[in-house]
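What follows is a short report on a single structure.
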Amino acid sequence: MSGNAGFDCAVLAAVPEAVRARQSLFQATGGTHAAALFDARGKLLAVREDVGRHNALDKVIGYALLAGLEMAELGVFLSGRASLELIVKAARARIPVVLAVSAPTEAAIKLAEKTEITLAGFAREKSFTIYAGANRIDCSACGTTLINTPL
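In this note's numbering, the protein residues as written are 51 to 201.
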């Protein structure tokens with residue numbers, strides 16, 4: 051992965067709450083997933099919702115392509131689990147950072163490592179756990195956990 055964007059842990063920790071505030075369908079129904087593109091300053095560039103988490107990610111990637119955004123400098127937030135298929139989509143779109151509310155699968159972690167994607171999960175309550183690619187995240191000022199166990 052060619053993206054070298056650095057992300058501060060405090061910025062990443064604030065993304066889930068910012069996305070939740072823009073999830074109008076979820077607030078109305080409780081039945082949608084969200085995906086959001088954000089920059090290294092934490093600015094949300096696109097938030098999309100769908101009943102399927104794959105579709106929500108497809109929507110933000112499609113938006114970025116149509117808008118001509120340079121995805122190699124962005125991160126993507128997922129409101130659910132980070133599965134292998136979602137990491138494949140992020141890699142194909144050249145998105146270097148994936149932040150998910152829930153745990154990633156083992157296969158997702160392995161692919162993130164292979165494709166040099168920074169993968170963080172359990173993004174809740176202003177904290178998260180880094181599973182792969184910690185080099186893109188400055189954790190010096192927060193209590194973020196790094197999982198560094200070979201699978």
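Ideal placement from N, C-alpha and C gives every residue a C-beta, glycine not left out.
Given the structure is predicted, the values throughout are model-derived calculations rather than measurements.
Could you give the DSSP three-state label for Asp108: helix, strand or coil? helix
Neighbour-count burial assignment, Thr79, 16 or more Cβ in a 10 Å radius: exposed
Residues near Ser133 by beta carbon distance below 6 Å, same chain, minus five either side: Thr155, Ala158
My parser needs the alpha helix (DSSP H) runs of 4 or more residues fully inside the region 72–122; what are they? 74–79, 103–117
Across which residues does DSSP place Phe57 in a beta bridge pair? Ile187
Closest to Ala96 by CA distance: which of Pro146, Phe76, Ile137, Val126 is it? Val126
Contacting residues, own chain, Cβ-Cβ under 6 Å from Asp58 (five flanking each side not counted): Asp188
Look at the alpha carbon of Arg142 and the alpha carbon of Leu75, and state the distance between them as a whole number of angstroms. 28 Å
With a floor of 3 residues, list each beta strand (DSSP E) that falls wholly inside the region 129–190, ordered by position along the chain. 147–150, 168–174, 177–182
Beta-carbon proximity check, Ile111 vs Lys139, cutoff 9 Å: yes
Is Lys139 close to chain B, meaning its C-beta is less than 9 Å from at least one C-beta of that chain? As a matter of chain content, chain B is missing from the structure shown, which is built from one protein chain.
Taking buried to mean at least 16 other C-beta atoms within 10 Å of its own C-beta, is Gly171 buried or exposed? buried
Contacts around Val65, its chain only, beta-carbon distance under 8 Å, and the 5 residues preceding and following it disregarded: Ala86, Phe88, Gly92, Leu94, Gly125, Phe127, Leu149, Ala173
Distance, Cα to Cα, Tyr113 vs Ala63? 24 Å
Checking the sheet assignment: what are the DSSP bridge partners for Val65? DSSP lists no partner for Val65.
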